[in-house]
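So the sequence shown is numbered by our numbering: it starts at 33 and just counts up by one.
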Amino acid sequence: LLVSNRAPTAQEEQHIRLQIEQMKKTIPGLDEKLAEIRQALHQLSSIRHTMARFVQVHTSILSPMRKFPPEIWTEIFTICCAQVQGVPLARGSPHLVLTSVCRNWRSIMILARHLWSTITFRTSFAIPPVLDARYDQLQTWISRSDRLPLML
Numbered sequence: 033l034l035v036s037n038r039a040p041t042a043q044e045e046q047h048i049r050l051q052i053e054q055m056k057k058t059i060p061g062l063d064e065k066l067a068e069i070r071q072a073l074h075q076l077s078s079i080r081h082t083m084a085r086f087v088q089v090h091t092s093i094l095s096p097m098r099k100f101p102p103e104i105w106t107e108i109f110t111i112c113c114a115q116v117q118g119v120p121l122a123r124g125s126p127h128l129v130l131t132s133v134c135r136n137w138r139s140i141m142i143l144a145r146h147l148w149s150t151i152t153f154r155t156s157f158a159i160p161p162v163l164d165a166r167y168d169q170l171q172t173w174i175s176r177s178d179r180l181p182l183m184l
């Protein structure tokens, strides 16, 4: 009947109407089940996300790098910062990059006063906001060197 253009017989029409009515009654139940499944899927997805985050965070706790004593990190950072060519106050300088990696590295870097006792910078003609930013950077750098003699 779907592929032809002929009209259904009375018996075929009755059969089709019966099927339509049965399916109309079944659809709301399927919609309900789909809603339940979507809700369950949302809950499972949320649980999965929570577990994946837990695994990610707690796996980092087991990192072998956490077992390195701060003195080893300080030596590594000293070598890394000694390789600097150019202006340490620049954005990509090892000093600034290493203090941005994680809390632990930042703490180790800041406590390693000797890493902050050498300051290399260029003077240039710059607009006041840039000079103010450089001044703030220099103040931070000098304060981190504590009382160590500065080498400019």
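Ideal Cβ positions, reconstructed from N, Cα and C, are used throughout, including at glycine.
Could you round the C-beta distance between residue i and residue j to whole angstroms and report it? I think they count as a contact, below 8 Å.
{"i": "I151", "j": "W173", "result": "6 Å"}
Given a cut-off of 8 Å, decide if residue j and residue i are closer than it, judged by their beta-carbon atoms.
{"i": "T106", "j": "I79", "result": "no"}
{"i": "F109", "j": "L130", "result": "yes"}
{"i": "C113", "j": "P126", "result": "yes"}
{"i": "L170", "j": "H146", "result": "no"}
{"i": "S177", "j": "S149", "result": "yes"}
{"i": "I48", "j": "P60", "result": "no"}
Between which two residues does the alpha helix (DSSP H) harbouring residue i extend?
{"i": "I141", "result": "Checking the sequence, you will find Met at residue 141 rather than Ile. Here the alpha helix (DSSP H) through M141 covers 135-143."}
{"i": "R85", "result": "42-93"}
{"i": "A114", "result": "102-114"}
{"i": "H127", "result": "126-130"}
Using a Cβ-Cβ cut-off of 6 Å (strictly less than) and excluding sequence neighbours within five positions of residue i, which residues of its own chain qualify?
{"i": "E53", "result": "none"}
So, at 7 Å on beta carbons, what are the nonlocal neighbours of residue i in its own chain, with the 5 sequence-adjacent residues on each side left out?
{"i": "C134", "result": "none"}
Go through its chain and collect everything with a Cβ distance to residue i's Cβ below 8 Å, but skip five positions before and after it.
{"i": "R25", "result": "Residue 25 lies beyond the stretch modelled for the chain, which goes from 33 to 184, so this question has no answer here."}
{"i": "L44", "result": "The sequence shown places Glu at residue 44, rather than the Leu named in the question. Cβ neighbours of E44 beyond the five flanking positions: L33."}
{"i": "A144", "result": "T106, F109, T110"}
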